[in-house]
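Read left to right, the sequence shown gives residues 988 to 1350 (our numbering). Think of the CB as a built atom: it goes at the ideal place given N, C-alpha and C, for glycine as much as any other residue. Input: a single structure, listed below in structure tokens.
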Amino acid sequence: MRHLLIRCGVVGIGLLVALMLAEVGLRLLGLAPPDGVATVTEVQFQSIPGMLLPDQDLVDRRDRRLPHHVTTNALGYRGPGFPLIKRPGEFRILLTGDAFAYGDFVNDDQTLPAQLEQRLDGRCGSVRVVNAGLDNATIVDAGKMIERGLRVSPDLVVLLFSANDIRDLSRASTWDRLAENRRDKSRFPLSVFYPLLRHTALWNFALRARAASQARADPVRTDWTAAGGDDSITLRLRDEYRRALAALRDTLAARGIPLVLAAFPSHHAVTRDSLRGQFTWVTPVGTETGVPVVDLLPPLVASRLPVETLYLLPYDGDPSVRGYDLAAKQLADRFASQGPLAAACEAVAVASQTHARPSGSAR
């Protein structure tokens, strides 16, 4: 018995030393950050509308070439805190979608929701844009975010469409994966050690490896070309997207909340006409469904800026700060002239002009 205990102790110490060396190695080589953006636990999921662990403040170094500052508020959304109950006169926009909505690899104040708020707040009275973006989200996941986001009383919902939204409908939903993640974190013994584990490079390396494995397991490819999209898989997935969009429209219309679809192109679509198939498709679909569509491709193309300026190339295909800036301007101008915010914007503009007029000569 004594020898068995000694052997177990030696094995345990050896395993601990190996894990410590692996942790140090991962940190020194920069293969995995010791910290990452965490999602809510099961208890928090039941009490707040957002999906991010509240009150985080960190530099996300998933890609060490693109470090970026991320904070989360008490409601589980990215960005500065705000009360659940709106102030009188405040107009709230809930902006949801995938990583393009969340703002992967840019700082909090550089994301599309943040820049849209910067352009609208003051210009149209008191405006708050809630970042309800979720990495790897599909329209199904965005629908769940919208359903939960009704608790913040949005006056307008903006759903971001990106080129991979159709293809991603073929895989297991991010929402289901997050539910599994919450269950795992809530079970013993992980429930005890998770608060410490999530701050280790080993844990974050394991999460990245799992995500990469899941991405490789997805065999479905859809046609992005303007002439394509006639294969059975693409047609089925597009029909699924159309039905999900109509369901979102109906859910929000029942509450008197308008829905807008904003189509954000990939860098491929900006440079090549032949790769704009999804955007050629989505605009008439939005029109047929009765959902206004804001096409964000024209301002990006009209800027004549290289795609390396508009996107985080060559390191990543997500938009850059400049790309988000152009998209935010297009959206802000649209909302200031059309829709439920237009009257408030016009009132502010008229008031500004009135105050700017000379009051007459001095006596």
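Rank the options by C-alpha distance to the C-alpha of residue i and give the top, closest one.
i: PRO1252; options: ARG1051, VAL1294, THR1028; result: VAL1294
i: ASP1122; options: ARG1065, ARG1110, ARG1229; result: ARG1065
i: ALA1129; options: VAL1093, TYR1089, GLN1265; result: TYR1089
i: ARG1138; options: SER1034, ASP1044, SER1290; result: SER1034
i: VAL1024; options: ARG1229, ASN1060, GLN1317; result: ASN1060
i: ASN1151; options: HIS1342, THR1026, PRO1176, THR1125; result: THR1125
i: ALA1166; options: SER1261, ASP1091, GLY1063, THR1026; result: THR1026
i: TRP1162; options: ARG1135, GLN1043, PHE1175; result: ARG1135
i: LEU1222; options: ARG1154, GLY1304, VAL997, MET988; result: ARG1154
What's the gap between the Cα of residue i and the Cα of residue j?
i: ALA1364; j: PHE1069; result: There is simply no residue 1364 to check, as the chain begins at 988 and stops at 1350 in what is shown.
i: GLY1120; j: ILE1220; result: 26 Å
i: VAL1030; j: PRO1285; result: 44 Å
i: LEU1143; j: THR1238; result: 13 Å
i: PRO1306; j: ARG1052; result: 15 Å
i: LEU1313; j: ASP1022; result: 31 Å
i: VAL1057; j: ILE993; result: 46 Å
i: GLN1325; j: GLU1333; result: 10 Å
i: ASP1050; j: ASN1118; result: 22 Å
i: ALA1336; j: CYS1111; result: 8 Å
i: ASN1094; j: HIS1055; result: 5 Å
i: HIS1255; j: GLN1265; result: 12 Å
i: ALA1240; j: THR1274; result: 16 Å
i: GLN1340; j: PRO1271; result: 38 Å
i: HIS1342; j: ASP1091; result: 41 Å
i: ALA1338; j: ASP1218; result: 55 Å
i: GLY1084; j: GLN1043; result: 21 Å
i: PRO1327; j: PHE1175; result: 49 Å
i: ASP1320; j: LEU1062; result: 29 Å
i: ASP1260; j: ASP1171; result: 45 Å
i: SER1290; j: THR1187; result: 42 Å
i: PHE1365; j: THR1267; result: Missing from the structure shown is residue 1365; the chain here goes from 988 to 1350 and no further.
i: LYS1131; j: GLU1227; result: 16 Å
i: ARG989; j: GLY1304; result: 58 Å
i: LEU1262; j: VAL997; result: 59 Å
i: GLY1215; j: ILE1000; result: Because GLY1215 carries a pLDDT of 48, less than 50, the predicted location of this residue cannot be relied on, and no value is offered for it.
i: ALA1213; j: VAL1127; result: A caution first: ALA1213 carries a pLDDT of 43, below 50, which makes its placement in the model too unreliable to give a value.
Is the beta carbon of residue i less than 8 Å from the beta carbon of residue j?
i: VAL1278; j: VAL1269; result: no
i: VAL1381; j: VAL1288; result: It is not possible to answer for residue 1381, since the shown part of the chain is limited to 988 through 1350.
i: LEU1232; j: VAL1145; result: no
i: SER1149; j: LEU1224; result: no
i: TYR1311; j: GLN1097; result: yes
i: ILE1133; j: LEU1235; result: yes
i: ARG1028; j: SER1173; result: What sits at residue 1028 in the sequence shown is Thr, not Arg. Contact flag set, yes.
i: PHE1032; j: ARG1169; result: yes
i: GLN1102; j: ALA1315; result: yes
i: THR1276; j: ARG1242; result: no
i: ALA1292; j: GLN1317; result: The question names Ala, but residue 1292 in the sequence shown is Leu. Taking 8 Å as the Cβ cut-off, LEU1292 and GLN1317 do not qualify as a contacting pair.
i: PHE1087; j: LEU1147; result: yes
Check the C-beta distance from residue i over to residue j and give it rounded, since I have them as a contact under 8 Å.
i: PRO1100; j: VAL1114; result: That belief does not hold up - the Cβ atoms of PRO1100 and VAL1114 are roughly 11 Å apart, past 8 Å.
i: PRO1020; j: ARG1048; result: 4 Å
Cβ-heavy atom distance between residue i and the ligand FAD below 7 Å?
i: ILE993; result: For the ligand FAD, the structure offers nothing, since it holds no ligand at all.
Quick one: any contact between the segment 1099-1106 and the segment 1035-1042, if contact means 3 or more CB pairs under 8 Å? no
Would you say the segment 1063-1082 touches the segment 1293-1310, given that touching needs at least three Cβ pairs under 8 Å? no
At least 3 beta-carbon pairs within less than 8 Å: the segment 1132-1143 vs the segment 1239-1251: yes
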